[in-house]
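Visitor:
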Amino acid sequence: MEHGFFKPIDWVALERKEVHPPYRPTCGGDRDLIHFDPAFTDEPVVLTPDNE
């Protein structure tokens with residue numbers, strides 16, 4: 152990647168999964184929604200038809 156934003160990234164280490172994230176949010180399980188705004192999680196679930 153040529154853009155300056157990506158310059159400090161070691162792509163080889165990233166591909167090898169040797170890079171540690173600068174921030175790792177806590178998670179209380181598969182249904183933990185603490186990091187999502189209730190405005191979205193309180194919405195009713197609407198099923199959509201399958202694509203044909």
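FYI, the numbering used here numbers position 19 of the sequence shown as 170, with every residue one higher than the one before it. We put the beta carbon where it would ideally sit given N, CA and C, even for glycine.
By how many angstroms is the C-alpha of D183 removed from the C-alpha of E169?
Guide: The residue given as residue 169 occupies position 18 in the sequence shown. The residue given as residue 183 occupies position 32 in the sequence shown. Their Cα atoms are separated by approximately 27 Å.
Visitor: CA-CA distance, L198 and G179?
Guide: Translated into the one-based positions of the sequence shown, residue 198 becomes position 47. Translated into the one-based positions of the sequence shown, residue 179 becomes position 28. C-alpha separation (whole angstroms): 26 Å.
Visitor: May I ask you to report which of helix, strand or coil DSSP gives G180?
Guide: Start at 1 with the first residue of the sequence shown, and residue 180 comes out as number 29. Correct three-state label for G180: coil.
Visitor: Does F172 come out as helix, strand or coil in the three-state DSSP assignment?
Guide: Locating residue 172 in the sequence shown gives position 21, where the first residue counts as 1. For clarity, residue 172 is Pro in the given sequence; the question names Phe instead. Residue state, collapsed to three classes: coil.
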